[in-house]
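One structure is given here, and the rest of the page talks about it.
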Amino acid sequence: MQELNIDTGVREYRINGSGVLRFNPSDPNVYNRFMEMLEKVQAVENELVEKAGQLPKEDNGVAALSLLAEADRKTKAALQEAFGQENDFDQLLGGVNLMAVAGNGERVVTNLLDALRPIVQEGASRFYEEKANAAVAKAQANREARRAAGRK
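Per this note's numbering, numbering of the sequence shown is gapless, rising by one per residue and ending at 279.
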């Protein structure tokens, strides 16, 4: 079988020296899914806070751990949906729960999204800039063609 290798714009990002996240940052589909995922993750966090607030004070922590595990699964599923099924965020992050609090006091998911956001935004800007440049070049070519036709 012959193999066809094409440039799809996929880039690789090693996360904390271990897992490798692969996606095309200038793919507008990735940008759209990323924006949708941000809303889903916020909804998961809101649901977690609401449900945790309803736990009885005498709860021994088992219910809270269950809520955190559920929020982690939902968040990783949303991330995988945004960046592609080949990106297993449980594996990429060494199994860490995304709702855990990191050393800087933020949730791990917040740190991850803060790291990814500029990459995705810059990729989307590059895509739209290239489209705009192509449109300008086409308009200039059309203008030159009209001028040439007018001189005949």
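C-beta atoms are modelled at their ideal positions from N, C-alpha and C, and glycine is treated no differently. What you are looking at is a predicted structure, and each value in this text was computed from that prediction instead of being measured.
Any C-beta of chain B under 8 Å from that of residue i
i    : result
V228 : Although the question refers to chain B, the structure presented lacks it and comprises just one protein chain.
Cβ shell of residue i (< 8 Å), same chain only, five flanking positions each side left out
i    : result
Q207 : N214, D215 and F216
V137 : R149, F150 and N151
Contacts around residue i, its chain only, beta-carbon distance under 6 Å, and the 5 residues preceding and following it disregarded
i    : result
K167 : A205
A227 : V235
I246 : P152
M164 : A205 and A209
C-alpha distance - residue i paired with residue j, whole-angstrom precision
i    : j    : result
F150 : D134 : 12 Å
D154 : E185 : 49 Å
Q285 : Y140 : Not covered by the structure: residue 285. The range shown for the chain is 128 to 279.
A242 : K203 : 16 Å
A196 : N143 : 22 Å
F161 : Q181 : 30 Å
A198 : E172 : 7 Å
A209 : P183 : 35 Å
A170 : R200 : 13 Å
R244 : E233 : 16 Å
L192 : L131 : 47 Å
Beta-carbon proximity check, residue i vs residue j, cutoff 8 Å
i    : j    : result
N224 : N231 : no
L240 : G146 : no
G222 : Y158 : no
N- and C-terminal bounds of the beta strand (DSSP E) containing residue i
i    : result
R234 : Premise fails: R234 is in no beta strand (DSSP E) and is neither H nor E.
E139 : R138 to R141
Continuous alpha helix (DSSP H) stretch holding residue i: start and end
i    : result
Q218 : F216 to L219
Nonlocal neighbours in the same chain, by C-beta distance under 7 Å from residue i, ignoring five residues either side
i    : result
R253 : S153
L194 : L175, K178 and A179
A229 : V235 and N238
Residue i CB to nearest heavy atom of the ligand COA below 7 Å
i    : result
L175 : Absent from the structure shown: the ligand COA. Ligands present: none.
Handout entry: Completely contained beta strand (DSSP E) runs for the segment 143 to 202, where each covers 3 or more residues
Key = Runs found: 147 to 150.
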